[in-house]
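Asks: The C-terminal position of the sequence shown is numbered 324 in full-length UniProt numbering, with every residue numbered one higher than the one before it.
Cβ atoms here follow ideal geometry from the backbone N, Cα and C, with glycine treated the same way.
Handing you a structure now.
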Amino acid sequence: MKHIYKCALLALTILLLSAGEIFAQFPMGGGFGSSSGQTVNNRQARNDTTVEQVFSFKRLFRGLAHKDTMAVGYAFGASMIVPGLGQVYNRDYWKIPVIYAGLGTTIGFGVHYNNLYKQSAAAAEGIEGAVPNQKYKDISTACFIGAGLIYWAQLLDVNISYDIKTTKSAGKATVYSILFPGAGQIYNEEYWKVPIYTGGLTAGVYFWTFYNKQYQRYKRIHNEATNPDIPYEGPIAAETALYYRDSFRRSRDIAVVATVLVYFLQIIDANVFSYMADFDISDNLAVNVKLEPTIISPLNLEYASVGTALGADSAVGLRIGINF
């Protein structure tokens, strides 16, 4: 269970760090949708936004008051800090009480049943054969997981409901990939990349879990073998347990780093290829080379043809024309 909590804490940290990047990088104004009703595309957004915008409370509050446009990164980041702010910008006001009712109910029941579990654990102390009521702990864990899912769902809803006038939005693709690895590639219609990234993440999590389990096992064995108060008669020597403990810990750390790298790589991939979605790759970009004879007038008369029918200041040459 402690390992699950560590994973959840790492995921939340990644989300918070990503929110900071979103505030700093996503273009504001017409780049990702404008309330003026004008149709824009990604190329226009890149041209119109010459300076990267940083987070501003003034812009945030103006956006929430619908006096200014707010990029999807602003709406997403605001909802990470205060759930429901993205729904305010999207004018989905009816969703706000649903979100807070769900969060309040699940968190409240989670705290209540966790307290009941602690009371049962305290009552079981000193009584031979008595154990805490595990049912209370399971219900409490399920409630907290439910609260996390509601929080995650309101972030996803902000991105889905965000209205844009573009064919593809790099901001939406990035947020999709942050919340659900591979979703950004689906949004960009690059379906063949999904099994690559999901397979890489699945393998990373598998080896992460496997090596951590082995690390915990040999750590326990080493602690037992080096405990002077308890006789140890296990088949694995302390030196051997120490070697395998350090080896599996190193392998686990490598698996963690690899998993995080694949996660961020699919976010970057979704962002970059969404920007490239409207690049013109039609046949009109082909290069046409045209070679034809022509009469050349030299810049220096010293090198001109003299005594020919062309005159003293002219020469015969070739002209190369390149059309894109």
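Where does the unbroken alpha helix (DSSP H) through tyrosine 232 begin, and where does it stop?
Replies: Numbered from 1 along the sequence shown, position 232 holds the residue referred to as residue 232. Unbroken run through tyrosine 232: none, as it is neither H nor E.
Asks: Rounded to whole angstroms, how far is the Cβ of tyrosine 197 from the Cβ of valine 262, which I believe are closer than 8 Å?
Replies: Here residue 197 is taken as the residue at index 197 of the sequence shown, counted from 1. Here residue 262 is taken as the residue at index 262 of the sequence shown, counted from 1. Confirmed, about 6 Å.
Asks: Which residue from Thr105, Ser140, Ile96 and Phe144 puts its Cα closest to that of leucine 116?
Replies: Indexing the sequence shown from 1 puts residue 116 at position 116. Looking at the Cα atoms, Ser140 is the closest of the given residues.
Asks: Taking the C-alpha atoms as reference points, what is the distance between asparagine 133 and isoleucine 236?
Replies: Numbered from 1 along the sequence shown, position 133 holds the residue referred to as residue 133. Numbered from 1 along the sequence shown, position 236 holds the residue referred to as residue 236. One C-alpha to the other measures close to 36 Å.
Asks: Go to glycine 252, then tell me how far its alpha helix (DSSP H) extends in each direction, as first and last residue.
Replies: For the purposes of this step, residue 252 is taken as the residue at position 252 of the sequence shown. Contrary to the premise, residue 252 reads as arginine rather than glycine in this sequence. Element bounds for arginine 252: 238-275.
Asks: Might you give, ordered along the chain, the residues of its own chain that have their beta carbon closer than 8 Å to the beta carbon of valine 194, omitting 5 neighbours on each side?
Replies: Mapped onto the sequence shown, residue 194 falls at position 194. Result list for valine 194: Gly182, Gln185 and Ile186, in chain order.
Asks: Classify glycine 129 as buried or exposed, calling it buried when 16 or more other Cβ atoms lie within 10 Å of its own Cβ.
Replies: As a working mapping, residue 129 is identified with position 129 in the sequence shown. By the neighbour-count rule (16 or more Cβ atoms within 10 Å), glycine 129 is not buried but exposed.
Asks: In this structure, does DSSP put lysine 172 in helix, strand or coil?
Replies: Translated into the one-based positions of the sequence shown, residue 172 becomes position 172. Three-state result, lysine 172: helix.
Asks: Quick one, are the C-beta atoms of residue 327 and methionine 80 less than 9 Å apart?
Replies: Residue coverage of the chain in this structure runs from 1 to 324, which leaves residue 327 outside it and unanswerable.
Asks: Label arginine 59 either buried or exposed according to how many other C-beta atoms from any shown protein chain fall within 10 Å of its C-beta, with 16 as the threshold for buried.
Replies: Locating residue 59 in the sequence shown gives position 59, where the first residue counts as 1. Buried is the call here.
Asks: Three-state secondary structure (DSSP) at aspartate 92?
Replies: If you number the sequence shown from 1, residue 92 lands on position 92. Aspartate 92: coil per DSSP, three-state reduction.
Asks: Cα-Cα, which of Gly126, Arg91, Thr69 and Gly146 is closest to asparagine 107?
Replies: Taking the first residue of the sequence shown as position 1, residue 107 is located at position 107. Rather than asparagine, the amino acid found at residue 107 in this sequence is isoleucine. Ranking Gly126, Arg91, Thr69 and Gly146 by Cα distance to isoleucine 107 puts Gly146 first.
Asks: Which two residues bound the contiguous alpha helix (DSSP H) that contains lysine 58?
Replies: Residue numbering aside, residue 58 sits at position 58 when the sequence shown is read from its first letter. 57-64 is the span of the alpha helix (DSSP H), which, as asked, contains lysine 58.
Asks: Return the CA-CA distance between leucine 259 and tryptophan 192, expressed in angstroms with no decimal places.
Replies: If you number the sequence shown from 1, residue 259 lands on position 259. If you number the sequence shown from 1, residue 192 lands on position 192. Checking the sequence, you will find threonine at residue 259 rather than leucine. Looking at the two C-alpha atoms, the distance is approximately 20 Å.
Asks: With a threshold of 8 Å (Cβ to nearest heavy atom), would tyrosine 218 be considered close to the ligand SAH?
Replies: Among the components of this structure there are no ligands whatsoever, and the ligand SAH is therefore not found.
Asks: Whole angstroms is fine: what's the gap from asparagine 227's alpha carbon to tyrosine 215's?
Replies: Translated into positions along the sequence shown, residue 227 becomes position 227. Translated into positions along the sequence shown, residue 215 becomes position 215. Whole-angstrom Cα-Cα distance: 18 Å.
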